[in-house]
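Each residue of the sequence shown is one higher than the one before, starting from 12 at the first, in the UniProt record's numbering.
Below: one structure, written as structure tokens.
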Amino acid sequence: RRKKMVKICCIGAGYVGGPTMAVIALKCPSIEVVVVDISVPRITAWNSEQLPIYEPGLDEVVEQCRGKNLFFSTNVEKHVSEADIIFVSVNTPTKTLGLGAGKAADLTYWESAARMIADVSKSDKIVVEKSTVPVKTAEAIERILTHNSKGIKFQILSNPEFLAEGTAVWDLFNPDRVLIGGRETPDGQKAIQALKKVYANWVPEERILTTNLWSAELSKLAANALLAQRISSINAMSALCEATGADVSQVSHAVGKDSRIGPKFLNASVGFGGSCFQKDILNLVYICECNGLAEVADYWKQVIKVNDYQKNRFVNRIVSSMFNTVSGKKIGVLGFAFKKDTGDTRETPAIDVCKGLLGDMARLSIYDPQVTDDQIQKDLTMNKFDWDHPVHLQPMSPIDIKQVSVVWDAYEAAKDAHGLCILTEWDEFKILDYQRIFDNMQKPAFVFDGCNVVNVGELREIGFIVYSIGKPMDPWFKDMPAMA
Ligand code: UDX
Ligand code: UDX
Ligand code: ADP
């Protein structure tokens, strides 16, 4: 008798669920994978030629399996009830209201997914936490499932995803590690083995780590916190480099040669962005506070404070160098996405920098190769959530959107501008014709490079006044109060 085909269902067809399930389907032809979502437009897009997210290589993977063993559907309940393994990959934003607002994770979507699983299940299930959740979430989920079930057994596993945007498919094909946490009971161990078997189709055995549930949940928050902390550490150094004449790229290189430190994730920038780092650290801070660990909470909070400091410092540098006012001056902005090779703008430092400049009445002309006009307008008019003072939200004066134009060409953004800021490290910004840009700008012409992509020497040769994060300063900036 042939063994029944394993069925996997993933709830949530977003940045994590979509690519992860596509790769599982590709690597495991004998498993049927259905990705379900309550959003009809999302599922429609996954079933079309124009996928809802942009990831290099994703189109090819989806094309190879869709309709064979990979399906996208809005029929959530049917597919959940038929599945053996259910991944939950719904969004977990930061709470904006009530207890823990500004820090705690909002588990509304998670809870409703768990209740639905309990309602529709007719056979034993393995439920896998895929979206990042606070430590001990598994316990809450377990309670919801067991208190509602009719004699059905549920095993909860934590299997956090470590993929980065822009390299999602590569990261899924070649993960540094796959982490599976579960209960230390015989049934828990059996569930771990069942999920391990799925990954073993393409991931070498020694890269599949198994731990208890809490270690797996915390490891995800810890990994993102440590990565963000490295960036805040090097960004803090960049301020000191500017003050002393050291060059942060040389410092990073020298420091990264220490094999105990390693060379990756040491690029100074105008600040980290993206949907994970700030959210996960806030969550970590909240969990520490709930456990009475005030010193530990403060330690991690500092990583976000330095990130905010870095963005403010950049804006102050621009304003102070341009005779302490940018009012009415055109400033070209190159790059808006939170990093290159994505159109994602969640928590991008560009939002804070642009708002800072608009606060000083600058006129902005923004160019990004992947971000739409609509998205930029939306990001700049939305109120920033104040994570430290969530209850006393100051109504922000609405930005006069006439001060912002979004253009489809870097040269257009720079034309007649007094200054040019680079806020995303897109490769194309390295090979622009800076002589042409200089010729069409107001003089003195300033470049403020927030990602260290330009060749500072060459630009100074052309005649620009250049500020590049953490690099030795132009004489122009001497005696300019930029640290305020
Ligand atoms: C350190 C630096 O390693 C060395 O490069 C520099 O030149 C001098 O300072 P040292 O002080 O001899 O060297 O010892 P090291 O092995 O770095 O340990 C320093 C302290 O950190 C010790 O107390 C050690 O127990 C502690 N440590 C180290 C940890 O607590 N955890 C670790 O993972 C590593
Ligand atoms: C991150 C983690 O890398 C990933 O493992 C996790 O699953 C989700 O969060 P992502 O947010 O997609 O992934 O992007 P990442 O490449 O980590 O970059 C985050 C931010 O840090 C970007 O704004 C980037 O520009 C910035 N960054 C990164 C730096 O400023 N300097 C660096 O050296 C590296
Ligand atoms: P991530 O970056 O973690 O993947 P996204 O926001 O991109 O997060 O995706 C989460 C997806 O989960 C969204 O498409 C959302 O519609 C979906 N979702 C949220 N709650 C439910 C639910 N109860 N049932 C099905 N899908 C859900």
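For glycine and all other residues, C-beta sits at the position ideal for the given N, C-alpha and C.
The structure presented is a predicted model; accordingly, all values stated were derived computationally and were not measured.
Once DSSP output is grouped into helix, strand and coil, what is the label at residue i?
i, result
"Leu-118", "coil"
"Tyr-310", "helix"
"Leu-404", "At Leu-404 the pLDDT is 44, less than 50, meaning the model places this residue with poor confidence; the figure from the coordinates comes in the next sentence. Correct three-state label for Leu-404: coil."
"Arg-374", "strand"
"Arg-194", "coil"
"Thr-148", "helix"
"Cys-287", "coil"
"Lys-275", "coil"
"Asn-223", "strand"
"Phe-334", "coil"
"Phe-173", "coil"
"Arg-188", "coil"
"Phe-349", "coil"
"Thr-255", "helix"
"Arg-357", "coil"
"Ser-50", "coil"
"Ser-270", "coil"
"Ser-260", "helix"
"Glu-469", "helix"
"Ser-123", "helix"
"Ala-36", "helix"
"Ala-495", "Any answer about Ala-495 is weak, because its pLDDT of 45 lies below 50 and its placement is not dependable; what the coordinates show is given next. Correct three-state label for Ala-495: coil."
"Asn-235", "helix"
"Glu-439", "helix"
"Met-393", "coil"
"Trp-487", "helix"
"Met-452", "coil"
"Glu-60", "coil"
"Trp-181", "helix"
"Ser-280", "coil"
"Val-214", "coil"
"Ala-202", "helix"
Can residue i and residue j be called in contact, C-beta distance under 8 Å?
i, j, result
"Ser-50", "Val-99", "no"
"Pro-40", "Val-180", "no"
"Phe-184", "Val-34", "yes"
"Ser-84", "Ile-54", "yes"
"Asn-159", "Asp-198", "no"
"Leu-295", "Ala-239", "no"
"Gly-23", "Val-101", "yes"
"Ile-448", "Phe-440", "no"
"Gly-430", "Ile-329", "yes"
"Val-317", "Ile-377", "no"
"Leu-190", "Leu-220", "yes"
"Val-44", "Ala-36", "yes"
"Val-382", "Phe-347", "yes"
"Thr-230", "Pro-186", "In the sequence under discussion, the amino acid at residue 230 is Ser, which differs from the Thr named in the question. Contact flag unset, no."
"Ala-124", "Leu-156", "no"
"Ala-116", "Thr-103", "yes"
"Ile-476", "Phe-457", "yes"
"Asp-427", "Gln-453", "yes"
"Glu-228", "Val-139", "no"
"Ala-224", "Gly-177", "It should be noted that the sequence gives Leu, not Ala, for residue 224. No. Outside cutoff."
Who does residue i pair with in a DSSP beta bridge?
i, result
"Asp-460", "Ile-433, Ser-479"
"Val-417", "Ile-377"
"Gly-343", "Ser-376, Leu-431"
"Lys-136", "Phe-165"
"Lys-18", "Glu-43"
"Val-99", "Ile-22, Glu-140"
"Thr-105", "Ala-116"
"Leu-81", "Val-44, Arg-77"
Are the C-beta atoms of residue i and some chain B residue less than 8 Å apart?
i, result
"Arg-357", "Considering every chain present, this structure includes no chain B. It has just one protein chain."
Any heavy atom of ligand 4 within a distance shorter than 7 Å of the CB on residue i?
i, result
"Asp-48", "As for ligand 4, it is missing from this structure, which binds only ligand 1, ligand 2 and ligand 3."
Notebook entry, point to check: For the segment 354-368 against the segment 276-295, are there 3 or more C-beta pairs whose distance is under 8 Å?
Noted result: Yes, they touch.
Inspect the CB distances between the segment 69-77 and the segment 106-115 and report whether three or more fall short of 8 Å.
-> no
Does the structure place the segment 373-383 close enough to the segment 331-351 that three or more beta carbon pairs sit under 8 Å?
Contact between the segment 331-351 and the segment 373-383 is present, because at least three Cβ pairs lie under 8 Å.
Practice item. For the segment 207-214 and the segment 266-274, state whether three or more C-beta atom pairs, one from each stretch, are separated by less than 8 Å. Key: no
Margin query: If you measure from each CB to the nearest heavy atom of ligand 2 and keep those under 5 Å, what residues do you get, in chain order?
Written below: Phe-173, Ala-175, Glu-176, Ile-242, Phe-276, Asn-278, Ser-280, Phe-283, Gly-284, Gly-285, Cys-287, Phe-349, Lys-350
Report task. Check whether the segment 306-317 touches the segment 462-472, counting contact only when three or more Cβ pairs, one atom from each stretch, lie closer than 8 Å. Result -> No: fewer than three Cβ pairs fall under 8 Å.
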